[in-house]
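Novice: My questions all concern the structure below.
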Amino acid sequence: MAAYPYRPGPGAGPAAGAALPDQSFLWNVFQRVDKDRSGVISDNELQQALSNGTWTPFNPVTVRSIISMFDRENKAGVNFSEFTGVWKYITDWQNVFRTYDRDNSGMIDKNELKQALSGFGYRLSDQFHDILIRKFDRQGRGQIAFDDFIQGCIVLQISKCEVPLTGLLASVIVISYRG
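So the sequence shown is numbered by UniProt numbering: it starts at 1 and just counts up by one.
And the structure:
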């Protein structure tokens with residue numbers, strides 16, 4: 001599993017959020033999630049501990065993406081030190097999600113997605129927003145749950161890094177996606 005370091009910045013998604021809870025609280029959470037007592041939380045253990053607010057399992061692709069961002073030793077999991085980063089990352093995303101979930105439905109619809117991505121600095125076409133909804137809506141309702149919202153934003157950020165942008169076009173991203 002490749003490690004992708006989390007480096008927040010303009011357009012990266014959530015801005016720096018609130019301070020972390022105290023270490024003893026996080027240690028308690030870590031121990032509860034680390035079911036096999038290995039000292040490392042695997043993607044399966046993390047998936048079981050997370051909730052996307054829809055009573056469905058957290059997207060395993062999202063969980064693996066998050067683990068890979070924080071797993072500095074490529075051990076297919078996170079130790080306690082790395083877990084504190086995972087905790088903050090997910091908490092920051094929760095705050096972003098709640099900000100743009102204007103109707104408090106627990107889901108992000110197309111208009112809310114447009115507002116969120118615009119807030120991150122993306123200028124995308126309506127057609128591309130439709131593609132994102134279709135790609136990341138695992139329940140087929142025209143809306144995106146919390147975990148899929150994170151995954152969509154991770155994919156956009158990685159795509160943005162891989163697309164060469166020059167001159168005045170640097171503020172506009174054009175992504176062709178076939179899904």
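Using N, Cα and C, we set each Cβ at its ideal position, and we do this for glycine too.
1) Consult DSSP for V40 and reduce its assignment to one of helix, strand or coil.
2) Span of the alpha helix (DSSP H) holding K110?
3) Report the CB separation of G142 from I133 in whole angstroms; it is logged as a contact under 8 Å.
4) Quick one, which of F58, I144, R102, Q47 has its alpha-carbon nearest G77's?
5) For the region 19-32 against the region 78-86, are there 3 or more C-beta pairs whose distance is under 8 Å?
6) Could you have a look at G142 and say whether DSSP puts it in helix, strand or coil?
7) If we ignore side chains and look at the alpha-carbon of each, how far apart do D71 and F25 end up?
8) Grab me the residues of D43's own chain with a C-beta within less than 8 Å of its C-beta, minus the 5 sequence neighbours each way, in chain order.
9) With H, G and I counted as helix, E and B as strand and the rest as coil, what does DSSP make of G77?
10) CB Y100 to CB I90, shorter than 8 Å?
11) Please classify Q157: is it buried, with 16 or more other beta-carbons within 10 angstroms of its beta-carbon, or exposed?
12) Which residues mark the beginning and the end of the alpha helix (DSSP H) in which S125 is found?
13) Could you check where the alpha helix (DSSP H) with P60 kicks off and where it finishes?
14) Is the beta carbon of F136 sitting closer than 8 Å to the one on Q151?
Specialist: Let me spell this out:
1) coil
2) 110-119
3) 6 Å
4) Q47
5) yes
6) coil
7) 21 Å
8) P60, V63, R64, I67, A76, G77
9) strand
10) no
11) buried
12) Neither: S125 is in no alpha helix (DSSP H) and is coded neither H nor E.
13) 60-70
14) yes
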